[in-house]
Amino acid sequence: MFRMRVKSLCTALSVMALGVSATSVRAQVLMPARSGPEIVTSASGEAQLVPDRAAVYIGVQTRASTAAAAARDNAQRQSAVIGAVIAAGVPREQVSTENYSVSPETRYDQQTQKTTVIGYVVSNLVRVEVRRIDQIAPVLDAALAKGANQINSLDFFSSNSDSSRHEALAQAIARARGDAESMARAAGGSLGALLELTTSDAGPRPVYRMQVSALAAAPTPIEAGQQTVHVTVSGRWQYQPAPR
Numbered sequence: 590m591f592r593m594r595v596k597s598l599c600t601a602l603s604v605m606a607l608g609v610s611a612t613s614v615r616a617q618v619l620m621p622a623r624s625g626p627e628i629v630t631s632a633s634g635e636a637q638l639v640p641d642r643a644a645v646y647i648g649v650q651t652r653a654s655t656a657a658a659a660a661r662d663n664a665q666r667q668s669a670v671i672g673a674v675i676a677a678g679v680p681r682e683q684v685s686t687e688n689y690s691v692s693p694e695t696r697y698d699q700q701t702q703k704t705t706v707i708g709y710v711v712s713n714l715v716r717v718e719v720r721r722i723d724q725i726a727p728v729l730d731a732a733l734a735k736g737a738n739q740i741n742s743l744d745f746f747s748s749n750s751d752s753s754r755h756e757a758l759a760q761a762i763a764r765a766r767g768d769a770e771s772m773a774r775a776a777g778g779s780l781g782a783l784l785e786l787t788t789s790d791a792g793p794r795p796v797y798r799m800q801v802s803a804l805a806a807a808p809t810p811i812e813a814g815q816q817t818v819h820v821t822v823s824g825r826w827q828y829q830p831a832p833r
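In terms of my numbering, the sequence shown has 752 at position 163, counting the first letter as 1, and numbering is strictly consecutive.
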């Protein structure tokens, strides 16, 4: 009886080993074949575009001995600023609050080594989207005339940036493929099928930004200039060696 059990156990182990061996063979069959030589290149492309819109960040900052007084003064002045912006031709839905803050204003006494709250500062920043470049200067002048004392930034952008980006992409891909073909010919072969193509871009960068506390009373000169769309592509192709 004991010998039969040992024999049965050996048989079971043999079957298990066979199963493991079969699994290993199956795994090897499913492994993909190694690919041949490849050529990898990268190239850049650029395209110019003219901005036709801008985002203006207009702020009102007020100070008072109490937070309530500073907030009340700020609300009155910012309401007047927003009204002036709308009167200058900007639809209300293109004006949105970007930031609102209330903070104490303190003073440190060197003799007593104590910090005392001497008042409160309230800041209200709104984002104004201007969809006509020639409308920017009147909007800024109107806002400043009604009490705005902060223009945090002015960013130009284009509503038609996709076409310029596509132009830059086509340029970059053509350059990358041209480089790959030159490399293949120099190596004595030819370029095979495209295996992978990736891209990265920074998008059009703002060409004009300003940070000021207030502007002069003279009409504000604004020039949009041009923006550059820059993209980079990386391509991977099969390399076809020349027949021997």
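The beta-carbon is built from N, C-alpha and C at its ideal position, and this holds for glycine as well. Being a predicted model, the structure only gives us computed values, none of them experimental.
Span separating the alpha-carbon of residue i from that of residue j
i	j	result
M576	A761	Nothing can be reported for residue 576, as the shown portion of the chain is limited to 590 through 833.
V822	R766	10 Å
I671	A732	7 Å
L783	A759	15 Å
S748	I675	21 Å
P693	N713	15 Å
V629	R825	4 Å
Q815	L638	6 Å
S654	T787	58 Å
Y697	N688	28 Å
A831	D768	18 Å
A677	T701	52 Å
T695	K703	10 Å
R681	T705	41 Å
D751	Q699	59 Å
T651	F746	31 Å
Other residues of its chain near residue i: CB distance less than 8 Å, five sequence neighbours each side excluded
i	result
H819	S633, G634, E635, A757, D790 and A791
V719	R642, A643, A644, V645, V679, Q683, I725 and V728
R833	none
Element boundaries [alpha helix (DSSP H), containing residue i]
i	result
A669	A656 to A676
A732	I725 to A734
Unbroken beta strand (DSSP E) run spanning residue i, endpoints
i	result
D790	S779 to D790
Q760	Q760 -> not in any beta strand (DSSP E); alpha helix (DSSP H) instead, spanning S750 to A775.
T695	V684 to D698
S747	Where S747 is concerned, there is no enclosing beta strand (DSSP E), given that its DSSP letter is neither H nor E.
T630	E627 to L638
V822	Q816 to Q829
I707	K703 to V719
I722	Element bounds for I722: n/a, residue is neither H nor E.
R642	R642 to A653
6 Å Cβ shell around residue i - same chain, five flanking residues per side excluded
i	result
T686	V715
E770	L780
R754	V818
Q667	V649 and N713
R764	A632
E785	R825
P626	Y828
A737	I647, V649 and V670
Rounded distance between the beta-carbons of residue j and residue i, thought under 8 Å
i	j	result
I722	P640	7 Å
A664	K735	Contact doesn't hold; Cβ gap of about 13 Å is too wide.
V691	A656	5 Å
Residue i: CB within 7 Å of a non-hydrogen atom of the ligand ADP
i	result
V818	Absence of the ligand ADP from the depicted structure is noted, as is the absence of any ligand whatsoever, leaving it without description.
Next on the checklist: I'd like to know if the stretch 638–649 and the stretch 767–787 are in contact, where contact means that at least 3 CB-CB pairs between them fall below 8 Å.
Outcome noted: no
Next on the checklist: For the stretch 697–716 against the stretch 649–663, do three or more pairs of beta-carbon atoms, one drawn from each stretch, fall closer than 8 Å, so that the two count as touching?
Outcome noted: yes
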